[in-house]
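K.L.:
Residue numbers for the sequence shown follow numbering that gives the first Met the number 0, so the first one is 0 and each next one is one higher. Below: one structure in structure tokens.
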Amino acid sequence: MNILITGGTGLVGTRLSQLLTAAGHSVAHLSRSAGAGSAYRTFRWNPLTGQLDPAAVPWADAIVHLAGAGVMDERWTPARKQEFLESRVRGLHLLRDALATDGTREKALVSASAIGFYGDRGDAWLSENTPPPAPGQDFLADVCRQWEAAALQLRATGRRVAILRLGIVLSTAGGALPEMARPVKLGAGAALGSGRQWLSWIHLDDACRAFVAALTNARYTGVYNVVGPAPVTNASFTRALAAVLHRPLVLPAVPSFALRLALGERAHALLASQRVRPDGLTERGFAFDFPEVGAALTSLYGEG
Numbered sequence: 000m001n002i003l004i005t006g007g008t009g010l011v012g013t014r015l016s017q018l019l020t021a022a023g024h025s026v027a028h029l030s031r032s033a034g035a036g037s038a039y040r041t042f043r044w045n046p047l048t049g050q051l052d053p054a055a056v057p058w059a060d061a062i063v064h065l066a067g068a069g070v071m072d073e074r075w076t077p078a079r080k081q082e083f084l085e086s087r088v089r090g091l092h093l094l095r096d097a098l099a100t101d102g103t104r105e106k107a108l109v110s111a112s113a114i115g116f117y118g119d120r121g122d123a124w125l126s127e128n129t130p131p132p133a134p135g136q137d138f139l140a141d142v143c144r145q146w147e148a149a150a151l152q153l154r155a156t157g158r159r160v161a162i163l164r165l166g167i168v169l170s171t172a173g174g175a176l177p178e179m180a181r182p183v184k185l186g187a188g189a190a191l192g193s194g195r196q197w198l199s200w201i202h203l204d205d206a207c208r209a210f211v212a213a214l215t216n217a218r219y220t221g222v223y224n225v226v227g228p229a230p231v232t233n234a235s236f237t238r239a240l241a242a243v244l245h246r247p248l249v250l251p252a253v254p255s256f257a258l259r260l261a262l263g264e265r266a267h268a269l270l271a272s273q274r275v276r277p278d279g280l281t282e283r284g285f286a287f288d289f290p291e292v293g294a295a296l297t298s299l300y301g302e303g
């Protein structure tokens, strides 16, 4: 297959490109830069200006949409919040318009989303059928809802659409884990807030294998939670991380108010509780290589 990836140089995109290439697929990236020095063919696009190389979509048998501004990278100003949304949705609109004029109906779209869709839900188990909070109650849920709605619009072009709601992706190459591990390595690790909030995680390789399955198996349509089958509380995750890194946990939990003072609204992403089940993947027979958090962390950091 020829597979076109937006956000191909990000954490998931980089590893996914490697796995697809190793499996014999041809991979190309959609990028706002020329891709000089890239190992992959690069087509130019700019969703904010409506630019899209006219050769990109006809080349592809399937498209993966991963592009989007990082949620934790900067303080959530009104402009940054708008960028969160537009960086995800405008690209999908551009792809929709290109697919509407492309004559190949077999193409599939696999779009990332996030479990932020569910908002802060305490101890409740959450499945793909759990509705989001009402509009205006949770910013990240609002972004995810509009992100997914834009992806589902591509069904009108006759294409198969699968949406993968990612949990916290565990990798030492980037994302949340290195930031979570840093204070633990320094002996200053601690749970965040009450520590009772649920953290639904996924090993990077399992996340990318889910994308491969959705690309190559036509039974994958609709929404899938891409999380491991055994979520843990923030306190349990911190203890597991400290054990793998062979560091003590001696400090009390970081109070919620301190996180909010330091991070502003971004603290919500760390304090929200999301206890998510991967029902859709389980029904499709997906087998996790890393179903337990301890094994996942050990695979990333070794035995010490």
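Ideal Cβ placement from N, Cα and C applies to all residues, glycine included.
1. Assuming G279 contacts E127 (C-beta within less than 8 Å), just tell me the rounded distance between them.
2. Could you say if the region 208-222 and the region 244-259 meet the contact criterion of at least three C-beta pairs nearer than 8 Å?
3. Entirely within the region 23-72 and at least 4 residues each: give me those alpha helix (DSSP H) ranges in chain order.
4. Can you tell me which of the three DSSP states W75 falls into?
5. When the distance is taken between beta carbons, is L198 closer than 7 Å to S170?
6. Between the Cα of P277 and those of R164, G192, L185, spot the shortest distance and give me the residue it belongs to.
7. Relative to the C-alpha of L300, which candidate in A180, G12, M0, Y223 has its C-alpha closest?
8. CA-CA distance, G12 and T5?
9. Taking only three categories from DSSP, how would you classify L331?
10. Sort P130, A54, A59, L47 by Cα distance to R158 and report the nearest one.
11. Can you find at least 3 beta carbon pairs, one from the region 126-141 and one from the region 181-193, that sit closer than 8 Å?
12. Quick one: is D205 buried, meaning 16 or more other Cβ sit within 10 Å of its Cβ, or exposed?
13. Closest by CA to F285, which one among Y117, V211, G293, T297?
14. What distance in whole Å lies between the Cβ atoms of E282 and A229, which are believed to be in contact at a cut-off of 8 Å?
15. Nearest by alpha-carbon distance to V183: which of L153, A234, V222 is it?
16. If I measure Cβ to Cβ from A54 and keep anything under 7 Å in the same chain, skipping five residues before and after, which residues do I get?
17. Is it right to say L10 is buried, meaning 16 or more other beta carbons lie within 10 angstroms of its own, or is it exposed?
18. For L93 versus P46, is the C-beta spacing smaller than 7 Å?
19. Tell me whether the beta-carbon of V160 lies closer than 7 Å to the beta-carbon of L153.
20. Output yes if chain B places a C-beta closer than 7 Å to the C-beta of I4; else output no.
21. Considering only the beta carbon of each residue, do R145 and V88 sit closer than 7 Å?
22. Cutting at 7 Å between CB atoms, please list the residues of its own chain near L98, excluding the five before and the five after it.
23. Could you give the distance in angstroms between the alpha-carbon of L19 and the alpha-carbon of V26?
24. Could you have a look at N1 and say whether DSSP puts it in helix, strand or coil?
P.N.:
So, to answer that:
1. With a Cβ gap of about 5 Å, G279 and E127 count as contacting.
2. no
3. 55-58
4. The DSSP-derived three-state label of W75 is coil.
5. no
6. With distances taken between Cα atoms, P277 lies closest to R164.
7. Residue identity differs from the one stated: residue 300 is Tyr in this sequence, not Leu. The candidate whose alpha carbon is nearest that of Y300 is A180.
8. 8 Å
9. Nothing can be reported for residue 331, as the shown portion of the chain is limited to 0 through 303.
10. A59
11. Between the region 126-141 and the region 181-193 there are fewer than three inter-stretch CB-CB distances shorter than 8 Å, so the stretches are not counted as touching.
12. It counts as buried.
13. V211
14. Not a contact, Cβ separation roughly 17 Å.
15. When C-alpha distances from V183 are compared across L153, A234, V222, the shortest belongs to A234.
16. F42
17. buried
18. Contact: yes.
19. yes
20. Judged by its chain identifiers, the structure shown contains no chain B, having just a single protein chain.
21. According to the sequence provided, residue 145 is Gln. The question's Arg does not apply to it. Their beta carbons are under 7 Å apart, which means Q145 touches V88 by this criterion.
22. V56, K106, L153, T156, R158
23. 7 Å
24. strand
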